[in-house]
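Next comes the structure, spelled out in C-alpha cells:
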C-alpha cells in the first residue's frame, strides 16, 4: 500500500511476489554494501550508517511488517547513490560509485593540466567494467605532459619533419622515438602490438602511435601529417610525420612548410632504396620539396639496417650515401654543413637514443643526442606576426592550427586574418597541447579564435597584427627552376601553386627572361618557351587572392613549388608583387 501511495515504481512493484523478491535481493546485497562502505573513506560516513541500519533492521523486522521495511529500504537505496537495478547488478553498481567518488576529484584536477589521458589510464586499471569498454574503443594516446618549473627558461622549439619514400619507416621511427623519450607508455604499445598481431601486421605497431585513424592503420600508409612531440634536456621537438605516398604529396608539402629540420628516412633493404631513389621515387622529390619549403638542415637516416639482407653492413651504408650525396648537392644542400648521415633501425630502436652495439663503425652521436647538439635557430621574435594556417576545426569555438613564423602573440590579443581582413581575438593558445599565455616564433600552435566562423577560414590564410599586414594579391613575378617536365612550358600554362600552407591554381601569363644558371645573367629577349633544367623569370597569376611576400622580405612566405599531374614541375621564389589593374 505504501508503495502505491508514494508512486515510486507503482508499475514495477505491483504484486507482493515482486516485493518479496526485491527484499530477497536486498538481503543478499546489504551485507556487501555494508562491508564496502566500511572500507571507504570518512566522507561517506553518512551512507555507512544508513546502509548499516538497513542491514541490521533486516534481522529485527517481524514478519508482519514486511512491506513497511521494504518501503523504508527503497527510500534508503538512493542515498547510497546507486540507482535501483536488476538483482545481480546492484552490488556492481555500488562498487562502481565508490570508485567514481574516489577518482572524481583527481579527474577534475587533471583537466586543467591538459592531459585527460594520464588520469584515464588509472581509472581503467581500477574498474573492471571500464576496461572491457576500453578494449573495444580506439584510444588515441595523449602524451604525458612534463610539468615545467615556473622559473625554468623556455626550451627552444624545433619542428622536425620525417620525409622519405613509402614504407621507409618514417612513422615507425617516430613511434619508437616517442617510446624512448617516454611520451607513449609501454601499456599502450603492448595494446597496439596485440592489435597489430591480430591483423598479421606485427611490425607496424610502432607506427600506430602516429597513424591514429583506422584507414591509415589498415593500409599501413600515412595519409595526413601526424603530430607528436617529445622533449630532451635542451629542446622541445615537434614531430611532423609526413606521408610518403605520391598521392599525398600536397599534405607532405604542408607538413614540410612548418619544419625547421627535415629527417630523410631511406630504407637500406635491398631493392627498397633503389625504388625510392629512382625517377618517380619519393626520396628525390621529398628532399627537393623540403629544400623548397625552407628546411635548412637535413639528417639522412639510413633505416632498416637490422634487415637480414643488410645486417649492419658498412658497404651497403656507403653505397646509399654515395648515390644520395650528388643528388642532395644538386638540390641545393651543402653536404659538408647541412647534411648528416646516420644508420639506425626504427623497429629495434638501435642508434636512436643509445649507440648500437652491432655497429662499431659508426662513431657519431645517436639520433636524439644529435638533434640536441644542433646549433639554435635564429628567429625574430620582434618581427611582424605571421602565422600561416594549416588546418581548422570547430571545438567550442573556432580552432586553428599553424606554426608561428615570426613575431610573438599573447592571449586576448587582437589580430587580423588575411586576405579577408577579419579582426579576430585570441581566446586561448595551446603549444603542443599545453596551454600558455604567450608564444614566440617557431612554435606549433593551436589557437581558439573569437569573431570568426570556421567556414570563413581556409588553409593558407594568415594571421597578422593590425599594424603590419602581410601582402595579398593575384599577380607576381617569380624566378622559377623547371625541374621535371617532358615537354616545353609556354605562357598560358596552368599548374597548382603551393606557397607556405596555401594551395591555389595558377597560370603562367608571361615569360620575362631566361637566367643563366652559372653566371646569373638575364637574357635580353623574351623566351617563347622554357624546358626542363632551365631557369626563367615569369609572371604568374593565381585564380584567387592569396597571401604572399617577396623572398627577400620574408623567405618563408616567398618560396613556392609548382605541381601538375601529381609531379613537382618547378620550384621558385617570389621576386616582386604586381599591383592589380582596375
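Numbering (my numbering), first residue to last: 241 to 822. All C-beta atoms in this analysis are idealised placements derived from N, C-alpha and C, irrespective of residue type, glycine included.
Boundaries of the beta strand (DSSP E) around residue 654: 654-658. The DSSP-derived three-state label of residue 689 is strand. For residue 582, no alpha helix (DSSP H) segment is defined; the enclosing uninterrupted segment is the beta strand (DSSP E) at 579-583. Under the three-state reduction of DSSP output, residue 787 falls in the strand class. For residue 759, the closest C-alpha among the options 765, 775, 747 is that of 775.
Buried is the label assigned to residue 457, since at least 16 other Cβ atoms lie within 10 Å of its Cβ. Annotation for residue 491: no beta strand (DSSP E) segment contains it, though the alpha helix (DSSP H) segment containing it runs 489-496. Separation of residue 791 and residue 559 (C-alpha to C-alpha, rounded to the nearest whole angstrom) is 37 Å. In the DSSP secondary-structure assignment, residue 602 is not bridged to any residue. Under the DSSP assignment, residue 560 falls outside any beta strand (DSSP E), being part of the alpha helix (DSSP H) whose first and last residues are 554-571. A Cβ-Cβ distance of about 13 Å is found for the pair residue 802 and residue 716, leaving them out of contact under the 8 Å criterion.
A direct Cα-Cα distance of roughly 19 Å separates residue 737 from residue 499. Residue 811 places its beta carbon 8 Å or farther from that of residue 418. Among the bridge pairs identified by DSSP, residue 476 is matched with 397, 471.
Burial check for residue 494: the Cβ neighbour count within 10 Å reaches 16 or more, so the residue is buried.
The DSSP-derived three-state label of residue 459 is helix. For residue 525, the enclosing alpha helix (DSSP H) covers residues 522-532.
The beta carbons of residue 491 and residue 514 sit about 25 Å from each other, so the pair does not count as a contact at 8 Å. In the DSSP assignment, residue 419 falls within the unbroken alpha helix (DSSP H) covering 410-420.
Residue 787 and residue 689 have their C-alpha atoms roughly 20 Å apart.
The alpha-carbon of residue 656 is positioned some 12 Å away from that of residue 697.
When the beta-carbon positions are compared, residue 595 and residue 583 stay at least 8 Å from each other. DSSP, reduced to helix, strand and coil, places residue 774 outside both helices and strands of the structure shown, so it counts as coil. Its chain contains 534, 645 as the residues whose beta carbon lies nearer than 6 Å to that of residue 796, once the 5 sequence neighbours on both sides are disregarded; these appear in chain order. Spanning the alpha carbons of residue 446 and residue 540 requires a straight line of approximately 20 Å. One thing to note: residue 572 has its Cβ within 8 Å of the Cβ of residue 531. No Cβ-Cβ contact shorter than 8 Å links residue 506 with residue 400. Where residue 516 is concerned, the enclosing alpha helix (DSSP H) starts and stops at 512-517. Taking residue 734 as the centre and dropping the five residues before and after it, the same chain places the C-beta of 747 closer than 6 Å to its C-beta, in chain order. Collapsing the DSSP output to three states places residue 727 in coil. The beta carbon of residue 677 sits closer than 8 Å to the beta carbons of 650, 651, 669 from its chain, once the five residues preceding and following it are set aside; these are given in chain order. The criterion of a C-beta distance shorter than 8 Å is satisfied by residue 544 and residue 509. By the neighbour-count criterion, in which 16 or more other beta carbons inside 10 Å mark a residue as buried, residue 632 falls on the buried side. It is roughly 21 Å from the alpha-carbon of residue 484 to the alpha-carbon of residue 557. 755 is the residue among 773, 612, 755 whose C-alpha sits nearest the C-alpha of residue 765.
Judged by their CB atoms, residue 462 and residue 411 are nearer to each other than the 8 Å cut-off.
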